[in-house]
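Below is one structure, written out as structure tokens, with a few remarks after it.
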Amino acid sequence: MDVELRVSESADSAQRAAAELLAGAAARGGHIAVSGGETPRPAYEIAARLAPDWSRTELWWADERCVPPKDQRSNYRLVRETLLDRLDRSPAVEHRVRGELRPQRAADEYDRELRGVGFELVLLGIGSDGHTASLFPADPALEEGARRAVAVRRADVSRVSMTLFVLNAARTLVFLVVGDEKAPAVARAFAGEPTPSTPASLARSTSGSTIVLLDRAAAAGLPG
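Going by our numbering, the residue at position 113 of the sequence shown is 113; the numbering climbs one at a time, nothing skipped.
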């Protein structure tokens, strides 16, 4: 499974590249999944300007913390403030993870909702430990081969995450990663062997494209 690495001179350029991919997917329509974190925040703001009409899409979240939607830690809240509230026409459906529920119940609901869904584009990030979505190193969730969403227990806050089973079926899987603190994880994910110790190394589109958007700092550990 090939990976297309696109290295930009700056974080701003990488984030704009992600925005352009999001805007293109919104124009085509279909199912799109997004992620939380500070890195994609500018990309969502730019995407709202580039494509103010998302009415042909259905929007999903690759993962979510088990908190209410108005909580500062909520991925839904971040996307609401940076993208959805800035659109002229909203997605036809917003498939929010109900993080206010108990983790297993929220995961069960999302798993049922995801049945039969194929993604046009999924936007992911990478943590310094190599995690992506809420799939963490050596977690049993990495071995899930049937469910589309699982509850993930963490010391800080539990989460609900899409599984590799559904992420890898996306037509276009996009990683957006910036900053030198992510360079070791990027090198492990995209220059090393696939391993559960670096979950991002296991996330690859099996039927389409995997695109990795990096700034120079995040790409510093890659060969060549």
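Using N, Cα and C, we set each Cβ at its ideal position, and we do this for glycine too.
Item: Could you name the residues that DSSP lists as bridge partners for A151?; Value: V160
Item: Identify which residue in V122, E144, A151, A146 has its Cα closest to the Cα of S134.; Value: A151
Item: Apart from the five residues on each side of it in sequence, which residues of its chain come closer than 6 Å, Cβ to Cβ, to A47?; Value: A19, L22, A23
Item: May I ask you to verify whether the region 67 to 87 touches the region 40 to 57, counting CB pairs closer than 8 Å and requiring at least 3?; Value: yes
Item: Per the contact definition of three or more C-beta pairs closer than 8 Å, is the region 197 to 209 in contact with the region 158 to 178?; Value: yes
Item: Please return the same chain residues whose Cβ sits closer than 6 Å to the Cβ of L121, not counting the five positions on each side in sequence.; Value: A25, I32, T172
Item: Can you check DSSP and say which residues form a bridge with I211?; Value: E4, V174
Item: If I'm right that S55 touches R89 with Cβ under 8 Å, what's the distance once you round it to whole angstroms?; Value: 4 Å
Item: Under 8 Å between the Cβ atoms of I211 and V177?; Value: no
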